[in-house]
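Peer 1:
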Amino acid sequence: MLKRYLPAVAAVILVLVLISWPMRWMVAGQVVDAETGEPIENAVATILWMEPGPGPPGLAGTVTTEEAEDVSDVRGRFKLPIYASLLAVQEYRMVVYKKGYVCWSSVRIFPKEYIWTGNERIFPTMKKRTDFTPRDGMIIRLEPLREQNSRELHAVFTANIGAPMRTPIFTAAIKGEWELAAEWARKNREK
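Numbering (our numbering), first residue to last: 45 to 235.
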């Protein structure tokens, strides 16, 4: 009698495994200048995929599934991997950086008009980005970094937003931002 139900049980187990197993595929996006709409070449797009770690829910933290990066071509095009599953929760953090532009993050939005007083905490005051999901055909609009934008605050923003990213091209691209943020922090400690 057990032999009779074995194929059905195997099929149910296979379906459960398949719907809980994360699927991965590549999607294409484009980086453009937010003002002109022109493609931006050599912008670094990086993504960090995470899933719940082992342990009790709420206390387990996350573990990295994959980190990937790409550099936009002459048409501003890039490709990154996307994960999805029906049961597993996949978290991500995506950052796009090009020197001379405001660093774009899937987590926080760098304020266009911000006057730094030196007293407030930086990141709780910055709006969370809630309108983005990585998908095929995504367009990332980079705002030019203006004279009125605080270079130091932008460097701190970029260094903090990019901190979990360990991809080599992205790390090299934001090296100047890391150095400026560190110098700014050192000067503020000395005050």
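Heads up, the beta-carbon is just placed ideally off N, CA and C, and yes, glycines get one too.
From a predicted model like this one, the values you see are computed outputs, not experimental measurements.
DSSP three-state label for Lys171, please.
Peer 2: In the structure shown, Lys171 sits in coil (DSSP, three-state: anything other than H, G, I, E or B).
Peer 1: Which same chain residues end up closer than 7 Å to Ala225 when comparing Cβ atoms and leaving out the 5 residues on each side of it in sequence?
Peer 2: Result list for Ala225: Ala199, Val200 and Ala203, in chain order.
Peer 1: Look at the alpha carbon of Ala207 and the alpha carbon of Ile218, and state the distance between them as a whole number of angstroms.
Peer 2: Each residue's alpha carbon lies about 10 Å from the other.
Peer 1: Taking just the CA atoms, how far does Asp117 sit from Val146?
Peer 2: So the two alpha carbons sit approximately 19 Å from each other.
Peer 1: Tell me the rounded alpha-carbon separation between Gly220 and Glu227.
Peer 2: Approximately 11 Å, taken between the alpha carbons.
Peer 1: In angstroms with no decimal places, state the Cα-to-Cα distance between Thr215 and Tyr49.
Peer 2: So the two alpha carbons sit approximately 54 Å from each other.
Peer 1: Run through the segment 174-213 for me and flag every whole beta strand (DSSP E) of 3 or more residues, listed as ranges in chain order.
Peer 2: List check, beta strand (DSSP E) in window: 182-186.
Peer 1: Take Thr90 and list the residues in its own chain whose beta-carbon comes closer than 6 Å to its own, dropping the five residues that flank it on each side.
Peer 2: Only Glu113, Val139, Met209, Thr211 and Phe214 meet the Cβ criterion.
Peer 1: Would you identify the three-state DSSP class for Pro51, choosing helix, strand or coil?
Peer 2: Reduced to three states, the DSSP call for Pro51 is helix.
Peer 1: On a Cα-Cα basis, can you pick out the residue from Lys142, Leu197, Gln74 and Ala78 that is closest to Val88?
Peer 2: It is Lys142 whose Cα lies nearest to the Cα of Val88.
Peer 1: Considering only their Cβ atoms, is the gap separating Met94 from Thr106 smaller than 8 Å?
Peer 2: In this structure, Met94 lies closer than 8 Å to Thr106 by Cβ.
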